[in-house]
Amino acid sequence: MIISNLFFFFRPDSKAILLIESGIRIHSTEFEWPKNVMPSGFAMKCRKHLKSRRLVHVKQLGVDRIVDIQFGSDEAAYHLIVELYDRGNIVLTDHEYTILNLLRFRTAEAEDVKFAVRERYPVENARPPEPLISLERLTEILSKAQSGEQVKRILNPHLPYGGTLIEHCFIEAFEEFITKNSIKVMFHLAAGPKLLDALQMAEDYIEKAASFDGKGYIIQKTEKKPSMTPDKPHEELLTYEEFHPFLFAQHSSNPYIELESFNKAVDEFFSKMESQKIDMKALQQEKQALKKLENVKKDHEQRLEALHQAQEVDRLKGELVEMNLPIVERALQVVRSALANQVDWAEIGLIVKEAQVAGDPVACAIKELKLQTNHITMLLKNPYVGSEEGEEEESLMDTTEVPEQQKGKKNKNKDKGQKGKVQKNKPVLVDVDLSLSAYANAKKYYDHKRSAAKKEQKTVEAAEKAFKSAEKKTKQTLKEVQTVTTIQKARKVYWFEKFLWFISSENNLIIAGRDQQQNEMIVKRYLRAGDIYVHADLHGATSCVIKNPSGEPIPPRTLTEAGTMAVCYSAAWDAKVITSAWWVHHNQVSKTAPTGEYLTTGSFMIRGKKNFLPPSYLIMGFGFLFKVINFVITAQCNKLKKIKDKYKDQDEEDRELMMKLLGVSTVCCMDLEGENFLDSLTGQPYSDDVLLFAVPVCAPYTALSNYKHKVKLTPGTQKKGKAARTAVFSFMRGKEASTREKDLFRSVKDTDLSRNMPGKVKVSAPNLLAAKKK
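For the sequence shown, UniProt numbering gives the first residue as 1, with consecutive numbering after it.
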């Protein structure tokens, strides 16, 4: 998703945040939204021209989905034009609508109109309001439509109201023509005036919306959660589907949420989208798991039915051979005799056909010669049950060739409801082995029947075990899905996670930049009095800052670990070079060279002596910190919570400045809840700890010495993603991993696992080989 543009507006007693997402939405917001680490060029341009200017007015250009926001007046005015159609755009212009910058360069359909810097934005091309459509034009449009087509789809391209409003007005005007969710084309020309009334109603709604100050509505969709127990009622999951300024007729029977304004409805809708995506993903996973279980059940049922049917067929064939022993034996003798006399196979077929024409009962029972397999196919029926004349050919059933799914199709109308069942009073085609006697052929079918019965019993036993195993696996999958969903929704992203980071052995937070822009930000925004700056004279080396709010001297081990970080995130990792980093105090780092020249992004001037550290070995580690719920609230916490409530509308920079003015020096170690995260994150959880979520950590290996789950990383050939998955796999297989910890591992996204690794690596751990073998 494209990061939205946030505009902050201030009054002496209040603050508002306007959120603009190109092509999607524009509304004020009360929620926290993600921000880019560094502002884009377009954002910087907007900040340059619009900062400290007064918002004068907001208007729509014609009836197009284009909003013109004016800052300042007369020749000092600037316009921010937001396009909310197609792919969208945001354009910054001066008072004459000359484009100063824009989010997306494009060319309009008219070749003479270009959307580029120094071109004029064509505000005059906006579509003006149109008069109400005439009855003749309306009749012409509808007469060309196909019967059954939705009216809103037909009229929407010709009207400025939108499909939802059109549908509402038609439902209100034509209640007798309502189908479940749409109006179909079934109007006579006489209904034309009523159509005009409906469109006039839509026009009235448009006029209301021009100065709208009413409520907002979020329409919800009900999704039934699958259940493993059919008798248990299904749980329902309500998700947001659409939002409107009015409760339209087609939505009145749906579940919905009513909010005090349309703006709040839009803000609420989009703020919950990510959370609901997680819920919907979990729902789909649950459905897939239960579908697999149902498929296993159906597969076993079909196998059992097939085995049972095979038994029935074999038993019937054996009985029919036994009931017709004289005819079968005579047929065997005739064919054997011909073969013994070396009569040609084709000639044997002719002899049988001649005998059938002559009405020989034995020849008439022979339907096919399968001499290549030493068999003949005979049509046998129960001689003790009569049948009507002509029934024989109609009800002929070849039980040896027709699959179970197709049995009974030849007599679909006559034998409805008997699909797949053997009809005992109907002739059946039976293959007879020429090498066996008639009685031996009957015995062969009985043996097949007994064999199928044994196989059925074994299948039943195996099916019960397989189904229980599948059911257990499905229950576990459902549990894991719910657990992972809960963890992902509870997961808090800390402010320092946008950087490279770790917590040292002595519990100091150390942050470092991923690139030159982040190096610049870390020094400008986060390097404070008492902090230590660590760097290495290597290409690509990162700038590290050891946060030290207490101002106490930093222990040597923490300095060494920060030095290792600076070296490992440089060209030394791939080159496998061992070298030394250095550190200085915060006041030795400057952005200005001695000549007064301002240095480039990410470059700094160091004044005074550099304190070099021992050579840093290229050994990093990967592990997990766990968020432990702390039930004890101190009196750095009640105070901070009050501060948070009072200054909740401030952004990060304002809040940090206010904290400093209030004398709260440990703000860098506090989350927004006023909790010291260094105390709430642990790498060695106890068995009775309540764990909320897990945070992957990549740090110098010595900093992970007390971690429960860790592996060693050294320069190697394995890609970061695969290395991270290998490490997690070894943690999951470890005996010391609790069920909750495994659930937390599963909830972490693959991208979050590997994003802090320095490059291609080699993973080492005591139990790694054993885990791979398992």
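Ideal placement from N, C-alpha and C gives every residue a C-beta, glycine not left out.
As the structure is a computational prediction, the values presented were derived from the model and not from experiment.
Hey, would you say residue i sits closer than 8 Å to residue j, going by beta carbons?
{"i": "Met605", "j": "Ser590", "result": "yes"}
{"i": "Leu379", "j": "Lys370", "result": "no"}
{"i": "Leu84", "j": "Ile24", "result": "yes"}
{"i": "Val352", "j": "Asn441", "result": "no"}
{"i": "Arg47", "j": "Phe71", "result": "no"}
{"i": "Lys449", "j": "Arg315", "result": "yes"}
{"i": "Thr564", "j": "Pro758", "result": "no"}
{"i": "Leu55", "j": "Trp33", "result": "no"}
{"i": "Thr542", "j": "Ile619", "result": "no"}
{"i": "Asp752", "j": "Pro696", "result": "yes"}
{"i": "Leu332", "j": "Val428", "result": "no"}
{"i": "Ala452", "j": "Ala310", "result": "yes"}
{"i": "Ala536", "j": "Val567", "result": "yes"}
{"i": "Ala198", "j": "Cys169", "result": "yes"}
{"i": "Ala562", "j": "Ile503", "result": "no"}
{"i": "Tyr121", "j": "Ile99", "result": "yes"}
{"i": "Ile26", "j": "Val82", "result": "yes"}
{"i": "Ala466", "j": "Val296", "result": "yes"}
{"i": "Leu196", "j": "Thr222", "result": "no"}
{"i": "Leu307", "j": "Thr474", "result": "no"}
{"i": "Gly683", "j": "Phe624", "result": "yes"}
Taking residue i as the reference, give the member of the options with the closest Cα.
{"i": "Tyr526", "options": "Phe496, Ser550, Ala453", "result": "Phe496"}
{"i": "Val534", "options": "Ala699, Lys610, Ser451", "result": "Lys610"}
{"i": "Glu30", "options": "Ile554, Ala265, Arg336, Val690", "result": "Ala265"}
{"i": "His586", "options": "Gly540, Asn548, Ser134", "result": "Asn548"}
{"i": "Glu140", "options": "Ser764, Val690, Leu155", "result": "Leu155"}
{"i": "Gln151", "options": "Ile171, Phe248, Leu237", "result": "The question names Gln, yet the displayed sequence has Val at residue 151. Closest option to Val151, Cα to Cα, is Ile171."}
{"i": "Ala282", "options": "Lys224, Glu312, Ile206, Ile99", "result": "Lys224"}
{"i": "Asp133", "options": "Arg153, His158, Leu625", "result": "The residue asked about is misnamed: residue 133 is Ile in this sequence, not Asp. The shortest Cα separation from Ile133 among Arg153, His158, Leu625 belongs to His158."}
{"i": "Lys426", "options": "Ser40, Gln220, Ser451, Pro383", "result": "Pro383"}
{"i": "Ala727", "options": "Gly716, His709, Glu736, Glu741", "result": "His709"}
{"i": "Ser437", "options": "Val761, Ile376, Thr595, Arg491", "result": "Ile376"}
{"i": "Phe693", "options": "His79, Phe626, Gln302", "result": "Phe626"}
Can you grab the Cα-Cα spacing for the pair residue i / residue j, in whole Å?
{"i": "Val67", "j": "Pro12", "result": "27 Å"}
{"i": "Asp750", "j": "Lys722", "result": "9 Å"}
{"i": "Gly621", "j": "Phe612", "result": "23 Å"}
{"i": "Lys194", "j": "Ser143", "result": "16 Å"}
{"i": "residue 790", "j": "Glu294", "result": "Absent from the model: residue 790. The displayed extent of the chain is 1 to 774, so no value can be given."}
{"i": "Phe105", "j": "Pro129", "result": "28 Å"}
{"i": "Leu691", "j": "Val763", "result": "27 Å"}
{"i": "Pro245", "j": "Leu165", "result": "11 Å"}
{"i": "Cys544", "j": "Phe270", "result": "37 Å"}
{"i": "Gln516", "j": "His539", "result": "12 Å"}
{"i": "Pro553", "j": "Ser40", "result": "38 Å"}
{"i": "Leu434", "j": "Glu301", "result": "36 Å"}
{"i": "Gln200", "j": "Gln250", "result": "18 Å"}
{"i": "Asp74", "j": "Phe42", "result": "23 Å"}
{"i": "Ala635", "j": "Ser550", "result": "Note that Ala635 scores a pLDDT of 45, beneath 50, so its modelled location is shaky and nothing firm can be said."}
{"i": "Phe584", "j": "Ala765", "result": "According to the sequence displayed, residue 584 carries Val and not Phe. Their Cα atoms are separated by approximately 35 Å."}
{"i": "Lys524", "j": "Phe731", "result": "38 Å"}
{"i": "Phe262", "j": "Thr477", "result": "40 Å"}
{"i": "Gln457", "j": "Asn374", "result": "32 Å"}
{"i": "Asp204", "j": "Trp501", "result": "58 Å"}
If you follow the beta strand (DSSP E) that residue i is in, where does it begin and where does it stop?
{"i": "Met620", "result": "620-628"}
{"i": "Thr726", "result": "Looking at the DSSP string, Thr726 is not in any beta strand (DSSP E); the run it does join, the alpha helix (DSSP H), is 720-733."}
{"i": "Pro696", "result": "691-700"}
{"i": "His375", "result": "375-380"}
{"i": "residue 782", "result": "Since the first residue of the chain shown is 1 and the last is 774, residue 782 is not available in this structure."}
{"i": "Thr222", "result": "216-224"}
Which whole-angstrom value describes the C-beta separation of residue i and residue j, a residue pair presumed to lie in contact below a C-beta threshold of 8 Å?
{"i": "Ala346", "j": "Ala355", "result": "With a Cβ gap of about 15 Å, Ala346 and Ala355 do not count as contacting."}
{"i": "Gly62", "j": "Arg127", "result": "5 Å"}
{"i": "Ser505", "j": "Ser705", "result": "7 Å"}
{"i": "Pro685", "j": "Val748", "result": "No, Pro685 and Val748 are not in contact; Cβ-Cβ is about 16 Å, not under 8 Å."}
{"i": "Tyr161", "j": "Ile206", "result": "7 Å"}
{"i": "Ile522", "j": "Gly513", "result": "5 Å"}
{"i": "Tyr439", "j": "Gly318", "result": "Not a contact, Cβ separation roughly 10 Å."}
{"i": "Cys698", "j": "Asn756", "result": "4 Å"}
Can you tell me where the alpha helix (DSSP H) holding residue i begins and where it ends?
{"i": "Ala363", "result": "361-365"}
{"i": "Arg137", "result": "135-143"}
{"i": "Phe170", "result": "163-173"}
{"i": "Ser261", "result": "Segment: none, Ser261 is in no alpha helix (DSSP H) and carries neither H nor E."}
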